[in-house]
Each structure stands twice: as structure tokens, then as C-alpha cells.
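A.B. asks:
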Amino acid sequence: MPNFVFRIDLSQDKQMEDINVPGWYIPPKNAFSDTERRKWPSGFFNIGLSHGIPALLIVLCNAKKLNIYVDGQDECIQRIADFLMKFQIKDENGSYWGTHVSLEEYKNGSVLNKDTRDAWCYGTPGVAYSLLIAGKTLNNQSYIDCAVSGMKLASKRLYNIFSPSFCHGLSGVAYICNRFYEETNISDFREAACKLVDDIIKSYNEEFPFGFKNIEESEGSTKYYNYVGLIDGTAGILLTILAIQNSKKTPWDCAFLLSEV
Numbered sequence: 001m002p003n004f005v006f007r008i009d010l011s012q013d014k015q016m017e018d019i020n021v022p023g024w025y026i027p028p029k030n031a032f033s034d035t036e037r038r039k040w041p042s043g044f045f046n047i048g049l050s051h052g053i054p055a056l057l058i059v060l061c062n063a064k065k066l067n068i069y070v071d072g073q074d075e076c077i078q079r080i081a082d083f084l085m086k087f088q089i090k091d092e093n094g095s096y097w098g099t100h101v102s103l104e105e106y107k108n109g110s111v112l113n114k115d116t117r118d119a120w121c122y123g124t125p126g127v128a129y130s131l132l133i134a135g136k137t138l139n140n141q142s143y144i145d146c147a148v149s150g151m152k153l154a155s156k157r158l159y160n161i162f163s164p165s166f167c168h169g170l171s172g173v174a175y176i177c178n179r180f181y182e183e184t185n186i187s188d189f190r191e192a193a194c195k196l197v198d199d200i201i202k203s204y205n206e207e208f209p210f211g212f213k214n215i216e217e218s219e220g221s222t223k224y225y226n227y228v229g230l231i232d233g234t235a236g237i238l239l240t241i242l243a244i245q246n247s248k249k250t251p252w253d254c255a256f257l258l259s260e261v
């Protein structure tokens, strides 16, 4: 239980120079990579499901469903969810999420950097799913409505999605669409999941060592990798196809914090 209490304490403010910031603020010295240190020299808040605060939000919600509860847990869930609600990016098509919130953006109360991708790891699908679970856990319809509208946009836009893989590819988006359908019974999500699976299958090539290639784009170049694993490889792709086409339910999705609790 001490580790769980620490996660609750993480939501408390801490002093940062002249302001108080949420405990999930990441100073430059603790950045995940040199790239993050260069992009956010004053520090940042990571809002990607793979490495950021949406993951903690889902853990806290799932724990409550399993009757694991400590003082302040609901308040922590609400505080994280409100943070994600506040730092949406809005344009003429609707609202979505980026990957990080800089310290400067936090001080200003709005996001200026609109770089993102529509993936499980970073961007709207992962954030929207965490808000959906928070909304159902706290019976907060505003979280649910925001999650649903954001995921509908992401499932059609597919910004920066070009690989069939799970982490930052079509499989991750397809699986989250299917989980949205299971949680909301909104048929649009089931239709989107099935369409995405069809697109994934079209990328199969029997001449590839594992049938599919993971595709990475960086600084204008495209690279192809033969991966067999769950996160970036064929295992994750095939499990997604089985889950959506054949309704095969096994605990593998726990690895992505997408399991039904």
C-alpha cells in the first residue's frame, strides 16, 4: 500500500520557482530523453498514456473498481482528469490532445504547441480512454462526453499514423475504438474498429519475415523494421485482429492499461 499512497501524494502541488505545480511536473533533469530536454528546457507535464499521467489516472480508477481505495483517491482522479480537460487543443474540427504540456503553457493555462499524433502512446486515443474510464469511475458525464468526441475525431483523422503496429500505429487506435464501443455501446466506434482492422490486414505481406513491418518516420525519412513483439510488432497486431474480429478476450491488453476491470 505505501507505493499506492505515493501515487496519491503525486497529485499534490509542489513548489517550482515562483509557482505551485502538480506533482507530476517533470523537471529537465528527469526528462525521458535528450530530445525532451531540448524541446522543453523549463520542464513539462507528460500527457501520453505510455509514459505520462493518463496511465496513473487509469491505475487509480481500476484500483477503485477493485475496491483498493485510500483517502484522497477520488480527489486525485478528479485533479488529473481536470488537468487533461483543461489542456485540450481546440480547432475548427473539435478538441484533441498533444503529447506534453510545457511549464510555460501551464502558467498560461493553454496549449500553444499543437504537435501530436493519434496513437495509443501519445495523443488523443490514449488520453481520451483515460478520461472515459475516469468519467465512468466518478460518474462524471463531462469527462465521458469529452472523451467520446475526442476519440471520434481521432479515429477519422489518424494524424501521424502510418504503421500497422500497436504502440503508435493502426492496431492501437483500432483496439481503443473497440474498447470505447464496449464501454459506451456507441456503434460508430465498432464500425471504426472494424474498418481499421481491414486496413491493417491490407498491409500484410507474406514475403515479410513476420507478415507485417513496423514503420517509423523521423525527420523526413521512413524506416521499416521486422518486429515480432507486442508493442511494435506482429504479436500486438494479430492480438488486435483476433480481439476485434473474433471477440477473443485474453489479459494481454493489461500491458497497455486497456483491460476491462
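All residue numbers for the sequence shown refer to our numbering, where the first residue is 1 and numbers rise by one.
Glycine included, C-beta positions come from ideal geometry on N, C-alpha and C.
Please read all numbers here as calculations on a predicted model, not as lab measurements.
A192 and S155 look like a contact to me (Cβ under 8 Å); what is the Cβ gap, rounded to whole Å?
C.D. replies: Stepping through the sequence shown from its first residue, residue 192 is reached at position 192. Stepping through the sequence shown from its first residue, residue 155 is reached at position 155. Indeed they touch by this definition, with Cβ atoms about 4 Å apart.
A.B. asks: Of all the options N160, Y143, V111, L238, which has the alpha carbon lying nearest to the alpha carbon of Y204?
C.D. replies: Stepping through the sequence shown from its first residue, residue 204 is reached at position 204. The option with the nearest alpha carbon to Y204 is L238.
A.B. asks: I'd like to confirm the pairing. Which residues does DSSP put opposite I19 in its beta bridges?
C.D. replies: Residue mapping note: residue 19 aligns to position 19 of the sequence shown, counting from 1. Looking at the DSSP assignment, I19 forms a beta bridge with M16.
A.B. asks: Cα separation between E182 and K152?
C.D. replies: Here residue 182 corresponds to residue number 182 of the sequence shown, with the count starting at 1. Here residue 152 corresponds to residue number 152 of the sequence shown, with the count starting at 1. Distance between the alpha carbons of E182 and K152 is about 15 Å.
A.B. asks: Going along the chain, which residues of its own chain have a beta-carbon closer than 6 Å to the beta-carbon of S259, five neighbours each way excluded?
C.D. replies: Translated into positions along the sequence shown, residue 259 becomes position 259. If we look at S259 and ignore the five residues flanking it on each side, its Cβ neighbours are D253.
A.B. asks: From the DSSP secondary-structure annotation, give me the bridge partner or partners of V101.
C.D. replies: Here residue 101 refers to the residue found at position 101 of the sequence shown. Bridge partners of V101 according to DSSP: F45.
A.B. asks: What residue range does the alpha helix (DSSP H) around I68 cover?
C.D. replies: The residue you call residue 68 lines up with position 68 of the sequence shown. Here I68 belongs to no alpha helix (DSSP H), and DSSP marks it neither H nor E.
A.B. asks: So what does DSSP say about K107, is it helix, strand or coil?
C.D. replies: Against the sequence shown, residue 107 aligns to sequence position 107. In this structure, K107 counts as helix in the three-state DSSP scheme.
A.B. asks: Please confirm if the stretch 19–34 is in contact with the stretch 201–221, defined as three or more CB-CB distances below 8 Å between the two stretches.
C.D. replies: no
A.B. asks: With a threshold of 8 Å, are at least 3 pairs of Cβ atoms found where one atom belongs to the stretch 164–181 and the other to the stretch 233–250?
C.D. replies: yes
A.B. asks: Determine the direct distance from the alpha carbon of N46 to that of Y25, and round the result to whole angstroms.
C.D. replies: Residue mapping note: residue 25 aligns to position 25 of the sequence shown, counting from 1. Residue mapping note: residue 46 aligns to position 46 of the sequence shown, counting from 1. Cα to Cα, Y25 sits roughly 8 Å from N46.
A.B. asks: Check whether the stretch 119–132 touches the stretch 74–86, counting contact only when three or more Cβ pairs, one atom from each stretch, lie closer than 8 Å.
C.D. replies: yes
A.B. asks: Which parts of the stretch 180–230 are runs of the alpha helix (DSSP H), unbroken and 4 residues or longer, counting only runs that do not cross its ends?
C.D. replies: 187–202
A.B. asks: Identify the residues that DSSP records as bridge partners of I89: which are they?
C.D. replies: The sequence position of residue 89 within the sequence shown is 89, counting from 1. Note: I89 sits in a beta bridge opposite Y96.
A.B. asks: Relative to the C-alpha of S171, which residue among E105, P209, F256, K136 is closest?
C.D. replies: On the sequence shown, position 171 is the one that residue 171 refers to. Out of E105, P209, F256, K136, F256 has the C-alpha closest to the C-alpha of S171.
A.B. asks: What does a CB cutoff of less than 8 Å around S95 pick up in its chain, not counting 5 residues either side in sequence?
C.D. replies: Here residue 95 refers to the residue found at position 95 of the sequence shown. Taken in chain order, the residues that qualify are Q88, I89, C146, S149, G150, L153.
A.B. asks: In whole angstroms, what is the alpha-carbon distance linking I186 and T137?
C.D. replies: Residue 186 sits at position 186 when you count from the first residue of the sequence shown. Residue 137 sits at position 137 when you count from the first residue of the sequence shown. Cα to Cα, the separation comes out at about 19 Å.
A.B. asks: Is it buried or exposed for K65, if we count other Cβ within 10 angstroms and need 16 for buried?
C.D. replies: Translated into positions along the sequence shown, residue 65 becomes position 65. When all chains shown are included, K65 counts as exposed.
A.B. asks: Express the C-alpha separation of C121 and S50 in angstroms, rounding to a whole number.
C.D. replies: If you number the sequence shown from 1, residue 50 lands on position 50. If you number the sequence shown from 1, residue 121 lands on position 121. Going from the Cα of S50 to the Cα of C121 covers about 5 Å.
A.B. asks: Candidates S142, I231, S11: which alpha carbon is nearest C76's?
C.D. replies: For this step, residue 76 is matched to residue 76 along the sequence shown. Checking every option, the nearest Cα to that of C76 belongs to S11.
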